[in-house]
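Enquirer: Sharing a structure with you now.
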Amino acid sequence: MENKAIGGYFELETVSRKKYLHDNLLSLNTARNCFEYILLAKKYKHIYLPYFTCDVLLEPIEKLGLSYSFYDVDVNLEPIFDFSIIKDTEGFLLNNYFGVKGKIVKAISEKIPNVIIDNAQALFEDPISGIDTFYSPRKFLGIADGGFVSSSAKIDLVLKDDQSYHRMDHLLKRVELGAESGYEAFKTNDESLENQPIKNMSKLTKRILEGLDYDQIAMRRRKNFDVLHQFLGKANKLKMDIERTTVPMIYPFQSTDAKSIKNKLKSKRVFCATYWPNVTEWCTMEKYSYRLANEIVALPIDQRYSEKEMEFILKIIS
Ligand SMILES: Cc1ncc(COP(=O)(O)O)c(C=O)c1O
């Protein structure tokens, strides 16, 4: 083993607190690969997954040649499903939507076997002992990749470290050139995560994670969420019963006018992601998931913003 290089030019300097949120969990390169890790460890043969989710979750399922079937969700984003049919060899993927479904996710996990919790949208939710869970920190933070997995089942894999330096230009461009200039790079870098083998989280991603103030991030997100909820709660078709500890990803505002609201926001440079474009291809109009994909406006509430931006958003909507 070579000794560590000493001297010469500097590397990127980051704040190192030597710890970060979920640093006790196994850290891998993406959330979909954390899902693959669970599928390999549990040797499931069939997976139930929601129509209302992201299509990249099919990557590991198809790679491992597993069969799968979809289920719909109801007005509260809860599964419409007869849990008694789940066999020992079958896994049930359950999404903590937008980070606001912690209560029901816990209740279902206690009740039914073989649950896999998708906390890609609920980074701040604690894992539940004995329940397979995965996370995607890049949905909440300025990093390019990474995933965390919590599972009672372990597999012996010799993993390479991922490398992130070549997929970070969208993060850099957004700082110096603005949101629009970095968007193409964001899409390219996002695509570079497709069909990757399971790897360890990159050193660079871990370094950045070590420098973040998670209490501050949680506090800002909650405050921003509350500001929007106070004004939009009544008009919001989606009713939310959230816990005090909840740290949401976005504010999901469900409206039949979603399309025009999104366009109005976009014209003022407020960008809202669509969750998820694949849903209306996967299912037909009579499924509630279809309606959700068309009606949810995902309003930004993250740590970059404060009351000022929330009021700007509210002014546009009203
Ligand atoms: C609900 C959900 N789960 C999982 C994933 C996959 O996360 P990753 O891109 O880290 O693999 C995504 C989006 O990419 C998602 O929206």
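Numbering (this note's numbering), first residue to last: 5 to 322. Ideal Cβ placement from N, Cα and C applies to all residues, glycine included.
Thinking C-alpha only, which one of Ala-126, Asn-240, Leu-97 and Phe-39 is nearest Thr-249?
Expert: For the purposes of this step, residue 249 is taken as the residue at position 245 of the sequence shown. Looking at the Cα atoms, Ala-126 is the closest of the given residues.
Enquirer: For Asn-80 and Tyr-13, what's the separation of their Cα atoms in angstroms?
Expert: On the sequence shown, position 76 is the one that residue 80 refers to. On the sequence shown, position 9 is the one that residue 13 refers to. Their Cα atoms are separated by approximately 54 Å.
Enquirer: Going by the beta-carbon positions, is the gap between Val-60 and Met-244 smaller than 7 Å?
Expert: Numbered from 1 along the sequence shown, position 56 holds the residue referred to as residue 60. Numbered from 1 along the sequence shown, position 240 holds the residue referred to as residue 244. No, Cβ-Cβ distance for Val-60 and Met-244 is not below 7 Å.
Enquirer: If you follow the beta strand (DSSP E) that Gly-151 is in, where does it begin and where does it stop?
Expert: Taking the sequence shown and counting its residues from 1, one reaches residue 151 at position 147. Residues 151-154.
Enquirer: Between which residues of its own chain and Ile-147 is the CB-CB distance below 8 Å, once the five residues before and five after are set aside?
Expert: Counting from one through the sequence shown, the residue named residue 147 turns up at place 143. So the qualifying residues of the chain are Pro-141, Ser-168, Leu-175, Thr-209, Ile-212 and Leu-213.
Enquirer: How far does the beta strand (DSSP E) with Pro-256 in it extend, from its first residue to its last?
Expert: Here residue 256 corresponds to residue number 252 of the sequence shown, with the count starting at 1. Per DSSP, Pro-256 belongs to the beta strand (DSSP E) from 254-258.
Enquirer: Pull up the distance between the alpha-carbon of Pro-117 and that of Phe-152, whole angstroms please.
Expert: Taking the sequence shown and counting its residues from 1, the one referred to as residue 117 is at position 113. Taking the sequence shown and counting its residues from 1, the one referred to as residue 152 is at position 148. Their Cα atoms are separated by approximately 21 Å.
Enquirer: Going by DSSP, name the residue or residues bridged to Ala-302.
Expert: Walking along the sequence shown from the start, residue 302 turns up at place 298. Answer by DSSP bridge pairing, in chain order: Pro-256.
Enquirer: Measuring only the C-alpha atoms, how far is Asp-27 from Ile-317?
Expert: Locating residue 27 in the sequence shown gives position 23, where the first residue counts as 1. Locating residue 317 in the sequence shown gives position 313, where the first residue counts as 1. So the alpha carbons of these two residues sit roughly 35 Å apart.
Enquirer: With three or more beta-carbon pairs closer than 8 Å as the criterion, would you say the region 68-79 touches the region 119-138?
Expert: Verdict: no, contact absent.
Enquirer: Taking the alpha-carbon positions, what's the Lys-227 to Leu-303 distance?
Expert: Along the sequence shown, read from residue 1 onward, the residue named residue 227 stands at position 223. Along the sequence shown, read from residue 1 onward, the residue named residue 303 stands at position 299. Lys-227 and Leu-303: Cα-Cα distance of roughly 14 Å.
Enquirer: Is it the case that the CB of Thr-250 approaches a heavy atom of ligand 1 more closely than 6 Å?
Expert: Working through the sequence shown from its first residue, we reach residue 250 at position 246. No, the beta carbon of Thr-250 sits no closer than 6 Å to any heavy atom of ligand 1.
Enquirer: DSSP has Asp-335 in a bridge; who is on the other side?
Expert: Given that the chain is displayed from residue 5 to residue 322, the structure contains no residue 335 and the question cannot be resolved.
Enquirer: Contact defined as beta carbons within less than 8 Å: I believe Ser-20 pairs with Gly-150. What is the distance between those atoms, to the nearest angstrom?
Expert: As a position in the sequence shown, residue 20 is number 16, starting the count at 1. As a position in the sequence shown, residue 150 is number 146, starting the count at 1. About 17 Å separates the two Cβ atoms, so there is no contact after all.
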